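**Q** Shown below is the structure under consideration.
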Amino acid sequence: MEITIETFNKTKHNRDNFDCGNEPLNDYIKTKLSQDIKKYSNTGYTILNKNKEAIGFFTLSQYSLKNNNTRNNKDGHKTISATLLGLFAIDKKFQGQGMGAKAIYKGVYFKFLESIKIIVSSTLVVHPLSNNRVIRFYENCGFKKLDENEELTMYITTKDITSIVKELNKSN
Amino acid sequence: MIDNNMEENIFQNSTNIFSTKTSDVLNSCENATCNKIKLKLKKFNPHYSIVSKDFIDNLYNEDKKVINKAVSFFRKKLKK
């Protein structure tokens, strides 16, 4: 199934029947997402199917990571520029059909690469739900755990995203 | 009485003044208690992220293994 990505539009993108299976996320999408966008807290995107139905949503925002390893860091920077994938949700009806992977590749990675042309970022970060299935999904997409003992933060470097997209573009 | 919001504020304020020296100690510590503290700090302040040496090593170099794995994953899913 083909998907397209559009900047979130609260009047155009119907969320009334949206259900990703996680109540707090459903609630956020239906009631708070547009407010956060209005406050410039994040940028929202809608994942649409070929019938222009909203089948998923994601947000990107500026973020930074604290670097306590300045001795090991070639640049010695105390913070590392990052972009946060704050929300990523696919409607239950479309889960398990490869939609998540398509949305990460065609949506998240492309919008991330577009955004770093204006404001650079070293890495894309996500705080996945503490759920092995979700963690495995992000690992398959190229994310790693920030810390081996840490399950709440995962990242993929800009360099790796660029290489993945370049490789996939070659074959398309 | 301290409610959840107050507790969160107190914790956020305390992480803001968390000294580098203390974070260095926590960072080098790998026992269960330290890991619990790291997770608690993370929960209350998402900006508090302890970056590992692996992270720094990976930041500027391509990870071929990860790239190849992700490329074959996406190829499989994009065909659907």
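Those protein sequence lines, which keep their order, are chains A and B. So in the working numbering, spot 143 of the first sequence is number 275, and the numbers just go up one at a time. So in the working numbering, spot 62 of the second sequence is number 94, and the numbers just go up one at a time. Every residue gets a Cβ at the ideal spot worked out from N, C-alpha and C, and that includes glycine. Quantities reported herein were computed from a predicted structural model and do not represent experimental measurements.
Nearest by alpha-carbon distance to Arg-107/B: which of Tyr-195/A, Asp-148/A, Met-231/A, Thr-211/A is it?
**A** Here the question's residue 107/B lines up with position 75 in the second sequence. Ranking the options by Cα distance to Arg-107/B, first place goes to Met-231/A.
**Q** What residues from chain B crowd round Gln-229/A, counting only those whose CB sits closer than 7 Å?
**A** The sequence position of residue 229/A within the first sequence is 97, counting from 1. Those within 7 Å of Gln-229/A in chain B are Lys-112.
**Q** Does DSSP classify Gln-194/A as helix, strand or coil?
**A** Taking the first residue of the first sequence as 1, we reach residue 194/A at position 62. Note: Gln-194/A maps to strand in three-state DSSP.
**Q** For a contact defined as C-beta to C-beta under 8 Å, what are the partners of Lys-97/B on chain A?
**A** Position 65 of the second sequence holds residue 97/B. None at all; the shortest Cβ gap to chain A is about 10 Å.
**Q** Run through chain B and tell me which residues come within less than 7 Å of Ala-235/A, C-beta to C-beta.
**A** Within the first sequence, residue 235/A is the residue found at index 103, counting from 1. Per Cβ cutoff of 7 Å: no residues; Ala-235/A is ~10 Å from chain B at best.
**Q** Does the beta carbon of Gly-188/A come closer than 9 Å to any beta carbon on chain B?
**A** Stepping through the first sequence from its first residue, residue 188/A is reached at position 56. Not one chain B Cβ lies under 9 Å of Gly-188/A.
**Q** Could you pull out every residue in the same chain whose Cβ sits closer than 6 Å to the Cβ of Gly-218/A, ignoring the five residues on either side in sequence?
**A** Residue mapping note: residue 218/A aligns to position 86 of the first sequence, counting from 1. Answer for Gly-218/A: Asn-174, Thr-191, Ser-193, listed in chain order.
**Q** Using CA coordinates, which residue listed in Ile-161/A, Asn-263/A, Ser-254/A is at the minimum distance from Thr-294/A?
**A** One-based indexing of the first sequence puts residue 294/A at position 162. Comparing Cα positions, the closest option is Ser-254/A.
**Q** How about Gly-331/A: is its C-beta nearer than 9 Å to some C-beta of chain B?
**A** Residue 331/A lies beyond the stretch modelled for chain A, which goes from 133 to 304, so this question has no answer here.
**Q** Examine chain B for any beta-carbon lying closer than 9 Å to the beta-carbon of Cys-273/A, and answer yes or no.
**A** Mapped onto the first sequence, residue 273/A falls at position 141. Yes, because at least one Cβ of chain B sits closer than 9 Å to the Cβ of Cys-273/A.
**Q** Taking Glu-299/A as the query, report the chain B residues whose CB atoms sit under 8 Å from its CB, ordered along the chain.
**A** The residue labelled residue 299/A in the question sits at position 167 within the first sequence. Under the 8 Å cutoff, chain B gives Ile-99, Val-103.
**Q** Taking DSSP as the reference, what is the three-state secondary structure of Leu-245/A?
**A** Your numbering for residue 245/A matches position 113 in the first sequence. Helix.
**Q** Which word fits Lys-210/A, buried or exposed, when buried means at least 16 other C-beta atoms lie within 10 angstroms of its C-beta?
**A** The residue you call residue 210/A lines up with position 78 of the first sequence. So Lys-210/A counts as exposed.
**Q** In the DSSP output, what is Val-257/A paired with across the bridge?
**A** What you label residue 257/A is simply residue 125 of the first sequence in a count that begins at 1. According to DSSP, Val-257/A bridges with Leu-216/A, Tyr-287/A.
**Q** For Ile-250/A, return the contacting residues in chain B, with the cut-off set at a CB-CB distance below 8 Å.
**A** Residue 250/A sits at position 118 when you count from the first residue of the first sequence. Neighbours of Ile-250/A on chain B: none; closest Cβ ~21 Å, over 8 Å.
**Q** Let me know the secondary structure DSSP gives Leu-157/A once reduced to three states.
**A** Position 25 of the first sequence, counted from the start, is the residue given in the question as residue 157/A. Note: Leu-157/A maps to helix in three-state DSSP.
**Q** Tell me Ala-186/A's beta-bridge partners as DSSP assigns them.
**A** Counting from 1 along the first sequence, the entry for residue 186/A is found at position 54. DSSP lists Leu-180/A as partners of Ala-186/A.
**Q** Does Thr-54/B pass the burial test, meaning 16 or more other C-beta atoms within 10 Å, or should it be called exposed?
**A** One-based indexing of the second sequence puts residue 54/B at position 22. Low local confidence applies: a pLDDT of 49 at Thr-54/B is under 50, so the model's placement there is unreliable, and no value is given.
**Q** Keeping to the same chain, check which residues put their C-beta closer than 6 Å to that of Ile-288/A; ignore five residues upstream and five downstream.
**A** Residue mapping note: residue 288/A aligns to position 156 of the first sequence, counting from 1. For Ile-288/A, where only same-chain residues beyond five positions count, the Cβ hits under 6 Å are Leu-256, Gly-274, Phe-275.
**Q** Which residue wins for smallest C-alpha separation from Phe-140/A, given the options His-259/A, Ser-196/A, Lys-162/A, Lys-291/A?
**A** Position 8 of the first sequence, counted from the first residue, corresponds to residue 140/A. Per the Cα distances, Lys-162/A.
**Q** DSSP state of Tyr-171/A, grouped into three classes?
**A** For the purposes of this step, residue 171/A is identified with residue 39 of the first sequence, where counting begins at 1. According to the sequence as given, residue 171/A is Lys; it is not Tyr. Looking at Lys-171/A - three-state DSSP - the assignment turns out to be coil, as it is neither helix nor strand.
**Q** Which residues, in order along the stretch 215–227 of chain A, keep a beta-carbon less than 9 Å from a beta-carbon of chain B?
**A** The stretch 215–227 of chain A vs chain B, Cβ under 9 Å: Leu-216.
**Q** Since Gly-188/A and Ile-222/A are thought to touch, with beta carbons under 8 Å apart, how far apart are those beta carbons, to the nearest angstrom?
**A** Counting from 1 along the first sequence, the entry for residue 188/A is found at position 56. Counting from 1 along the first sequence, the entry for residue 222/A is found at position 90. Yes, Gly-188/A and Ile-222/A are in contact; Cβ-Cβ is about 4 Å, under 8 Å.
**Q** Using a 10 Å radius around the Cβ and a threshold of 16 neighbouring Cβ atoms, would you call Val-98/B buried or exposed?
**A** Position 66 of the second sequence holds residue 98/B. Label assigned to Val-98/B: buried.
**Q** Beta carbon of Phe-226/A, beta carbon of Asn-183/A: below 9 Å?
**A** Taking the first residue of the first sequence as 1, we reach residue 226/A at position 94. Taking the first residue of the first sequence as 1, we reach residue 183/A at position 51. No.
**Q** Can you tell me whether Ile-34/B is buried or exposed, with buried defined as 16 or more other CB within 10 angstroms of its CB?
**A** As a first step, residue 34/B must be located in the second sequence, where it is residue number 2. Bear in mind that a pLDDT of 45 at Ile-34/B, under 50, signals an unreliable position, so the model cannot answer this.
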